[in-house]
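Residue 183 in full-length UniProt numbering sits at position 183 of the sequence shown, with consecutive numbering throughout.
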Amino acid sequence: MCDEIDDAGATPEVDTVHPTLRRLAAGNYKGTFHKAYVLLTEITKKIGWDQLLRIRSQVFVMEEEYRNEKQHAPGGSRNASTVALRGRETPQPNGHGEPLEEDHRDSEDMIQSEADSEVTDLQANGEPSAASSHLDPDVSKPTHTITVRSGDETPQPQPPDNDPSHQQYTQFQHKRLCERWLDNLFMVLYEDLRIYTIWRTEASQYRQQQLAYKKSAEEWEILGELAERLHHPEEAVEAWQSCLSMRFSPKAMRGVLDLYERKNDGRNQLGALIRLVAWQYRWYSEFSPDLLYIMRRLIEEEGAVKVRSIIQATSLPQHILDLTHQYAALCAAFRSSGSDDDVVDIVTDGDVLLDLGGLAGVQKEVSLRVSGRVISLASPVLRDKLYHATGASKNEYPRRLSVKDEDGDAMLLICNIIHLRNDKLPPRLPAEMLYNLAILSEKLQCGIAVSRATSPWFDRLFNAPAQVYVDMCRLIEATILLDEPIFFARFTARWIMNEPLDGKFAVAPTTHVRMKTLSLQLQQRRQSHIQALRADLDLLVDCCSLAFAKPAEHYIDYAPGMLPDPDDQGRTGSICRVDEGAATLYLGGLRDEKIWPATVWPPTLGEIVEAIKTFNIPEYDDCDKCEFCEGVKAKFSLAVTMLKSMHASRMWGLCLDCFRAETGTNKGECRYEHAKARS
Numbered sequence: 001m002c003d004e005i006d007d008a009g010a011t012p013e014v015d016t017v018h019p020t021l022r023r024l025a026a027g028n029y030k031g032t033f034h035k036a037y038v039l040l041t042e043i044t045k046k047i048g049w050d051q052l053l054r055i056r057s058q059v060f061v062m063e064e065e066y067r068n069e070k071q072h073a074p075g076g077s078r079n080a081s082t083v084a085l086r087g088r089e090t091p092q093p094n095g096h097g098e099p100l101e102e103d104h105r106d107s108e109d110m111i112q113s114e115a116d117s118e119v120t121d122l123q124a125n126g127e128p129s130a131a132s133s134h135l136d137p138d139v140s141k142p143t144h145t146i147t148v149r150s151g152d153e154t155p156q157p158q159p160p161d162n163d164p165s166h167q168q169y170t171q172f173q174h175k176r177l178c179e180r181w182l183d184n185l186f187m188v189l190y191e192d193l194r195i196y197t198i199w200r201t202e203a204s205q206y207r208q209q210q211l212a213y214k215k216s217a218e219e220w221e222i223l224g225e226l227a228e229r230l231h232h233p234e235e236a237v238e239a240w241q242s243c244l245s246m247r248f249s250p251k252a253m254r255g256v257l258d259l260y261e262r263k264n265d266g267r268n269q270l271g272a273l274i275r276l277v278a279w280q281y282r283w284y285s286e287f288s289p290d291l292l293y294i295m296r297r298l299i300e301e302e303g304a305v306k307v308r309s310i311i312q313a314t315s316l317p318q319h320i321l322d323l324t325h326q327y328a329a330l331c332a333a334f335r336s337s338g339s340d341d342d343v344v345d346i347v348t349d350g351d352v353l354l355d356l357g358g359l360a361g362v363q364k365e366v367s368l369r370v371s372g373r374v375i376s377l378a379s380p381v382l383r384d385k386l387y388h389a390t391g392a393s394k395n396e397y398p399r400r401l402s403v404k405d406e407d408g409d410a411m412l413l414i415c416n417i418i419h420l421r422n423d424k425l426p427p428r429l430p431a432e433m434l435y436n437l438a439i440l441s442e443k444l445q446c447g448i449a450v451s452r453a454t455s456p457w458f459d460r461l462f463n464a465p466a467q468v469y470v471d472m473c474r475l476i477e478a479t480i481l482l483d484e485p486i487f488f489a490r491f492t493a494r495w496i497m498n499e500p501l502d503g504k505f506a507v508a509p510t511t512h513v514r515m516k517t518l519s520l521q522l523q524q525r526r527q528s529h530i531q532a533l534r535a536d537l538d539l540l541v542d543c544c545s546l547a548f549a550k551p552a553e554h555y556i557d558y559a560p561g562m563l564p565d566p567d568d569q570g571r572t573g574s575i576c577r578v579d580e581g582a583a584t585l586y587l588g589g590l591r592d593e594k595i596w597p598a599t600v601w602p603p604t605l606g607e608i609v610e611a612i613k614t615f616n617i618p619e620y621d622d623c624d625k626c627e628f629c630e631g632v633k634a635k636f637s638l639a640v641t642m643l644k645s646m647h648a649s650r651m652w653g654l655c656l657d658c659f660r661a662e663t664g665t666n667k668g669e670c671r672y673e674h675a676k677a678r679s
């Protein structure tokens, strides 16, 4: 299962999110406000916040300027500039009979036309004007966009420099009142920048002090959105990856998916896409246009065959992969670009086409373009097929070689490996596909060339947190075919440790003779380990049994075999029981851990070994110990230490070189270092 998308046990994180992060409003903007905010963030990214504020103060009337004007402006002045700043004292009805609300949200030009300047000049000189006497109050308010004419376009005289009304409003030339919604965007942008700066500063300080910077998953998600809004993609991905390391988040996964898209990382894009598809299906949504678009674009860039192969090579359950294959099938149904390709280029200048019967579970003929020289060097079988071809296939170019009976996915992997296309190899491989690769490598006799790339796949399977493989027999056989001595020893040791003590290495009757030999050797090795464990535990029990033996019996402060002198009352003293008490305690500890006796052993050898590894010697107070006690505590501690040391260096599995030797023991130096029995 995709455990990372299972939120059945998830708890709400409302209380773990800082209120300041929850109050960030920019993430909820849509439409016009979203576009305006994006423009502000782009400007800030290019010129900086301080420069943005300077430009804002040059374009818009600032609050301090507005307050100073209201305090110092003459009460009798009614020119257009003061009206624009102050507004009318009483709202006038508009054409629909509704009052006109004065609000600084409306943008007002601070410079009026020459006609208004003339009205102001005439009123200041005390001369009535026909234009001013019939001027309606609504007309005196400037419209949203008024063109300011230069002095040479009007015959009206300009006010002299000593005109106080003109000098008062010169500072407001080319300025407008900032509308409330835009002013609010500036405040929201400031809050985003403030939170982002605090976050990066704290993270840097924690990093310098080598401390873990901890946030809840939802907080990381919010910080990722914040960094993305402010055009910091690397920081956004860092936050989203921190969120995904704690729990699955579709929003964070989509953000990481965008990063993979910018980097043209098709393999990781598909990995994220598979999890998003599974998430959609988990919430009863079997189709997503966004995910279909991503799949379509990947198919256009990489080709349908390659995309299907990468999907199939992941270690997720097959029913989840089938959900993703449905999106690829939709692209093929609508004949999207790249979905109809039938040739996969391993090398673009290849001279041979290998015809396959299908790839990634799709039964459709596909060809692999490869280099004839490379496949000839890697595989003697392919070389013989290629150069002994007859008929039309011998003279055509590129030459065709039919391998339709072979596993298509395994053949694609082999071709990528032998052509050194490491960028095309999946980071992990399911156990079943790895087994198919090993079988085909043996059939084509190219195991030496293929084995160079298989170690990481075996390592991931061995260190997987859960057992992602079921058939241990096939996995061990794959290590033999691909000549992996390290993982042969590891996986055989895992079988010996994890299988029941009376279990058998199940092999099919028709299997290769090497597997029957392997089954016999594994059961013999397990039996020898059981006998060795019994002998090892005898070392512990012997230390305790000596304390109960008759020769160890002695009186307090007297050597064994000596009788103490009687006292005045005829008493001869008492027998020392210190060692017997320690022996009883240690035997009880072994029994509690099910280490001794063999009748209480757990069902697997691994549990027995783990119990010995973690066994702690019980505390025993031997302060009353006499000088003639043999010291069971010291002997028992030494025996336990020796036993743990022997188990740490013991080879629990089999050696591949010794397994292949006819005598059962390799005479030379083995690639997996281990102790050998002396001849």
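Don't be surprised by glycine CBs; every beta carbon is placed ideally from N, CA and C.
Check: May I ask which residues mark the beginning and end of the alpha helix (DSSP H) holding D322?; Outcome: 318-333
Check: Using DSSP bridges, identify the partner residues of P250.; Outcome: Bridge partners of P250: none, in fact.
Check: Closest Cβ-Cβ distance between Q521 and chain C: below 8 Å?; Outcome: Judged by its chain identifiers, the structure shown contains no chain C, having just a single protein chain.
Check: Write down every uninterrupted run of the alpha helix (DSSP H) in the stretch 246-319 whose length is 4 residues or greater and which is fully enclosed by it, in chain order.; Outcome: 250-262, 266-282, 289-302, 304-312
Check: Mapping the DSSP letters down to three states, classify I617 as helix, strand or coil.; Outcome: coil
Check: Given 8 Å as the limit, is there contact between the stretch 324-335 and the stretch 429-438, that is, 3 or more CB pairs closer than that?; Outcome: no
Check: Could you check the C-alpha separation between D121 and D183 for me, to the nearest Å?; Outcome: Note on D121: pLDDT 42, under 50, position unreliable in the model; no value is reported.
Check: In terms of residues, what are the limits of the alpha helix (DSSP H) holding D384?; Outcome: 380-387
Check: How would you label T348, buried or exposed, when you count the other beta carbons within 10 angstroms and need 16 or more for buried?; Outcome: exposed
Check: Return the Cβ separation of residue 722 and I198 in integer angstroms, given the expectation that the two are a contact with Cβ distance under 8 Å.; Outcome: In the structure as shown, the chain begins at 1 and stops at 679. Residue 722 is therefore absent and cannot be evaluated.
Check: If you draw a straight line from the alpha carbon of L563 to that of A532, how long is it in whole angstroms?; Outcome: 42 Å
Check: The alpha helix (DSSP H) with L475 in it runs from where to where?; Outcome: 472-481
Check: What residues are listed by DSSP as bridge partners for P500?; Outcome: T604
Check: Could you tell me which of E218, R671, D342 sits nearest to R22, measuring between CA atoms?; Outcome: E218
Check: Once the 5 residues before and after R296 are set aside, which same chain residues still bring their CB inside 6 Å of it?; Outcome: C331, S336
Check: Does the Cβ of K504 have 16 or more other Cβ atoms within 10 Å, making it buried, or fewer, making it exposed?; Outcome: exposed
Check: Quick check: what's the CA-CA separation for L259 versus V237?; Outcome: 7 Å
Check: Just to confirm before moving on: does the CB-CB distance between residue 681 and V305 stay below 8 Å?; Outcome: No answer is possible for residue 681: the residues shown for the chain start at 1 and end at 679.
Check: With R383 and D355 assumed to form a contact (beta carbons below 8 Å), what rounded beta-carbon distance in angstroms separates them?; Outcome: Not a contact, Cβ separation roughly 17 Å.
Check: Does the separation of the CB atoms of D407 and S309 fall below 8 Å?; Outcome: no
Check: Quick one: give me the first and last residue of the alpha helix (DSSP H) that V17 is part of.; Outcome: Per DSSP, V17 belongs to no alpha helix (DSSP H) and is neither H nor E.
Check: State the DSSP-derived secondary structure class of F487, mapped to helix, strand or coil.; Outcome: helix
Check: Return the first residue and the last residue of the beta strand (DSSP E) that D355 is part of.; Outcome: 352-356
Check: Alpha carbon to alpha carbon, what distance is there between K516 and T663?; Outcome: 16 Å
Check: Could you check what DSSP says for R149 in three-state terms: helix, strand or coil?; Outcome: At R149 the pLDDT is 40, less than 50, meaning the model places this residue with poor confidence and gives no usable figure here.
Check: Looking at the structure shown, is R400 part of a helix, part of a strand, or coil, going by DSSP?; Outcome: strand
Check: Just the C-alpha distance for D579 and P560, rounded to the nearest angstrom, thanks.; Outcome: 13 Å
Check: Measuring CB atoms only, is the stretch 602-614 touching the stretch 545-557, in the sense that at least three cross pairs come out at less than 8 Å?; Outcome: no
Check: Tell whether a beta-carbon distance below 8 Å holds between E365 and G372.; Outcome: no
Check: At the level of alpha carbons, what is the spacing between G151 and E64?; Outcome: Residue placement at G151 is flagged as unreliable, the pLDDT there being 41, under the threshold of 50; the coordinate-derived value follows with that caveat. One C-alpha to the other measures close to 30 Å.
Check: State the Cα-Cα distance for the pair A420 and A378, rounded to the nearest angstrom.; Outcome: It should be noted that the sequence gives Leu, not Ala, for residue 420. Taking the straight line joining both Cα atoms gives about 12 Å.
Check: Please say whether M497 and W596 have beta carbons closer to each other than 8 Å?; Outcome: no
Check: Under 8 Å: do the stretch 246-258 and the stretch 267-282 share three or more Cβ pairs, one atom per stretch?; Outcome: yes
Check: If you draw a straight line from the C-alpha of E302 to the C-alpha of G266, how long is it?; Outcome: 8 Å
Check: Can you give me the C-alpha to C-alpha distance between D565 and K594, rounded to a whole angstrom?; Outcome: 45 Å
Check: Can you list, in chain order, the residues of its chain whose CB lies under 8 Å from that of K443, leaving out five sequence neighbours each side?; Outcome: V381, E406
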